[in-house]
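Q: So the sequence shown is numbered by the working numbering: it starts at 455 and just counts up by one.
Even for Gly, the Cβ is constructed at its ideal location relative to N, Cα and C.
For clarity, every value in this text was computed on a predicted model and none was experimentally measured.
This structure is in structure tokens; I'll ask about it shortly.
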Amino acid sequence: MSRGIFITGTDTGVGKTHVTAALLTDLRRRGFSAAAFKPIACGKGGRHDAEIYAAIMNHEQPLNVINPIYLRNPLAPSVAAKIERKHIDLRRILRAYQQLARSYDVVLVEGAGGLLVPIRENYFVADLAKALKLQVVIVARLGLGTINHTLLTVRQANASGLKIAGLVLNDTAGGRHGLAERTNVRVLPNLCKVPLLGVMPHGKKTQPAAVRQICDQLFAGI
């Protein structure tokens with residue numbers, strides 16, 4: 455049975471793709487059978503996230519399996535689908551995930567935006583994570599303002615009946631760390647009552663040791 459993790463964020467642009475790609479790269483570098491899954495992609499940039507994952511996976515799976523639903527407009531999936539007159543087929547998403555789960559020991563699922571991003575009418579990203587029966591990793595910004603966003607996301611995950619595996623703080627800004635960055639690392643786990651899995655360094659400065667620390671906590675025993 456595959457071990458899956460659903461990677462969500464406190465907002466759009468917090469670095470879910472960066473974190474997912476780093477974890478996937480580390481797992482595969484160490485010889486684990488691992489895949490990434492992007493159920494829904496929205497944006498004019500095309501299926502860039504899915505293409506990153508496909509490359510890391512040596513193109514073992516078709517792009518339509520890694521990313522079964524693609525919408526052109528950079529909007530919430532339900533809004534983009536309405537504008538483009540498309541139907542988001544949840545069964546197609548579940549079938550693609552099951553195909554990957556049968557083939558790999560670990561499947562990293564990257565959500566769209568945050569937990570309350572609407573996928574269809576009265577159906578949100580949190581509902582998809584629950585349908586996939588996966589624990590959630592929350593990616594949050596390291597800097598100022600992250601306490602409110604992270605607490606809201608944790609409370610919504612709890613209200614949705616989701617189990618939270620932990621937090622990853624992503625340094626989206628880079629540069630010298632101020633007081634907020636230094637204190638958030640200590641304050642957030644205590645406020646949220648959720649373990650801090652690690653801090654992801656900014657951009658290309660990602661350090662293998664930091665990524666390995668997160669993987670070791672999530673996938674011990676595989």
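1) If you draw a straight line from the alpha carbon of M455 to that of A674, how long is it in whole angstroms?
2) Going by the DSSP bridge assignment, what does N624 pair with across the sheet?
3) Output the residue ranges of the alpha helix (DSSP H) runs that lie fully inside the stretch 460 to 522 and measure 4 residues or longer, sorted by chain position.
4) Look up L605 in the DSSP assignment and say whether it is helix, strand or coil.
5) Less than 8 Å between the CB atoms is what I'm expecting for T464 and A594, so what's the real figure, rounded?
6) For Q552, does the three-state DSSP call read helix, strand or coil?
7) Can you grab the Cα-Cα spacing for the pair A535 / V608, in whole Å?
8) Between the stretch 573 to 589 and the stretch 472 to 487, do at least 3 Cβ pairs fall closer than 8 Å?
9) DSSP state of Q671, grouped into three classes?
10) Grouping DSSP H, G and I as helix and E and B as strand, with all else coil, what is N576?
11) Just the C-alpha distance for V561 and A613, rounded to the nearest angstrom, thanks.
12) How long is the line joining the alpha carbons of L588 and L650, rounded to whole angstroms?
13) The beta strand (DSSP E) that contains L562, what's its start and end?
14) Who does G458 pair with in a DSSP beta bridge?
15) Closest to T600 by CA distance: which of Y558, C646 and P655 is it?
16) May I ask which residues mark the beginning and end of the alpha helix (DSSP H) holding I537?
17) With a CB to CB cut of under 8 Å and the five nearest residues on each side skipped, what residues in its chain are close to G615?
A: Taking the structure as given:
1) In the sequence shown, the residue the question calls residue 455 occupies position 1. In the sequence shown, the residue the question calls residue 674 occupies position 220. Bear in mind that a pLDDT of 46 at M455, under 50, signals an unreliable position, so the model cannot answer this.
2) Here the question's residue 624 lines up with position 170 in the sequence shown. N624 pairs with R595 and M654.
3) 470 to 483, 502 to 510 and 517 to 520, all fully within the stretch 460 to 522.
4) Locating residue 605 in the sequence shown gives position 151, where the first residue counts as 1. Looking at L605 - three-state DSSP - the assignment turns out to be helix.
5) By one-based count along the sequence shown, residue 464 stands at place 10. By one-based count along the sequence shown, residue 594 stands at place 140. Contact between T464 and A594 holds, since their C-beta atoms are separated by about 5 Å, short of 8 Å.
6) Position 98 of the sequence shown holds residue 552. Looking at Q552 - three-state DSSP - the assignment turns out to be helix.
7) Along the sequence shown, read from residue 1 onward, the residue named residue 535 stands at position 81. Along the sequence shown, read from residue 1 onward, the residue named residue 608 stands at position 154. Near 28 Å, if we compare the C-alpha coordinates of V608 and A535.
8) No, the stretch 573 to 589 does not touch the stretch 472 to 487.
9) Residue mapping note: residue 671 aligns to position 217 of the sequence shown, counting from 1. Helix at Q671.
10) To locate residue 576, count along the sequence shown from 1; it is residue 122. Correct three-state label for N576: coil.
11) In the sequence shown, residue 561 corresponds to position 107, counting from 1. In the sequence shown, residue 613 corresponds to position 159, counting from 1. Roughly 24 Å between the two C-alpha positions.
12) The residue you call residue 588 lines up with position 134 of the sequence shown. The residue you call residue 650 lines up with position 196 of the sequence shown. C-alpha separation (whole angstroms): 18 Å.
13) Taking the sequence shown and counting its residues from 1, one reaches residue 562 at position 108. Segment V560 to E564, the beta strand (DSSP E) holding L562.
14) Position 4 of the sequence shown, counting from 1, holds the residue named residue 458. Note: G458 sits in a beta bridge opposite V561.
15) Counting from 1 along the sequence shown, the entry for residue 600 is found at position 146. Closest by C-alpha distance to T600, out of Y558, C646 and P655, is C646.
16) Sequence index remark: in the sequence shown, residue 537 carries index 83 (1-based). It spans P531 to E538 - the alpha helix (DSSP H) in which I537 sits, taken as one unbroken run.
17) For the purposes of this step, residue 615 is taken as the residue at position 161 of the sequence shown. Taking C-beta separations shorter than 8 Å and ignoring five residues to either side along the sequence, the partners of G615 in its chain run K584, following chain order.
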